[in-house]
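Encoded as structure tokens, the structure appears first; notes follow it.
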Amino acid sequence: MNLLRKINVTVFPLLISQFANAQQVYPAVVTNNGILFGKYRTANDATNPLPDTISLEEAKSIIAINAIYVDKEQKLSRIKILDYQMTIFEKGDTSTIKNNSEVLSSVMKERLDKVKSGAKLFFEGIKADFSNGESRMAVILSFIVI
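Start counting at 1 in the sequence shown, then tack on 63, and there's your number in this note's numbering.
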């Protein structure tokens, strides 16, 4: 738990500075070892995900997807995930699994247990729910398993 606290203290200020003018929902992968954010490029008033690398061990230890909202005042808030899908591209094979909970389903965990290096892992169609009932889509979170 101490590691998570250190990661949060380090990552959240970096997230704020990277998206200071943005007003979007950013997904994060929660693993047994901490929280992983993807890489993003902001250009022409649009935020685009860039594939990031994730170790095989990290990929197999993913337990949940969370979402962080950065508002115009640079205030961070965690918001609830309503649903998303996990897609894995691996050696010509594609598997897509949908989920309606932040915590990965047993089917998702079983699939991640079989993932191999070189696979591309996407969390997409991420729909987040604000406390006022508004929902918003998050940017895609993508990884290449090394």
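Quick reminder that beta carbons are idealized off the backbone N, C-alpha and C, glycines included.
- What do you get for Leu167, buried or exposed, if any count of 16 or more other CB atoms within 10 angstroms of its CB means buried? buried
- Query: How long is the line joining the alpha carbons of Val133 and Leu145, rounded to whole angstroms?
  - Reply: 18 Å
- Task: In the DSSP assignment, find the unbroken beta strand (DSSP E) run with Ala191 in it and report its ends.
- Result: 183 to 192
- Query: Under a three-way DSSP split, which group does Lys177 fall into?
  - Reply: coil
- Going by Cα to Cα distance, which pick from Ile189, Ala91, Ile128 is closest to Met200? Ile189
- Query: Are there three or more Cβ pairs, one per stretch, closer than 8 Å when the stretch 139 to 159 is compared with the stretch 176 to 196?
  - Reply: yes
- For Ile125 versus Pro90, is the C-beta spacing smaller than 7 Å? no
- Task: Tell me the start and end of each unbroken beta strand (DSSP E) in the stretch 131 to 175 that is at least 3 residues and wholly inside, in chain order.
- Result: 139 to 153, 156 to 162
- Item | Nearest neighbour of Val93, chosen from Glu136, Ala122, Lys177, Lys135 [CA to CA] | Ala122
- Query: Near Leu99, what residues of its chain come up, given a Cβ to Cβ distance below 6 Å and the 5 sequence neighbours on each side ignored?
  - Reply: Val92
- On the DSSP bridge assignment, give the partners of Ala201 in chain order. Answer is none; Ala201 lacks a bridge partner.
- Alpha carbon to alpha carbon, how far is Asn162 from Lys135? Give it in angstroms, no decimals. 30 Å
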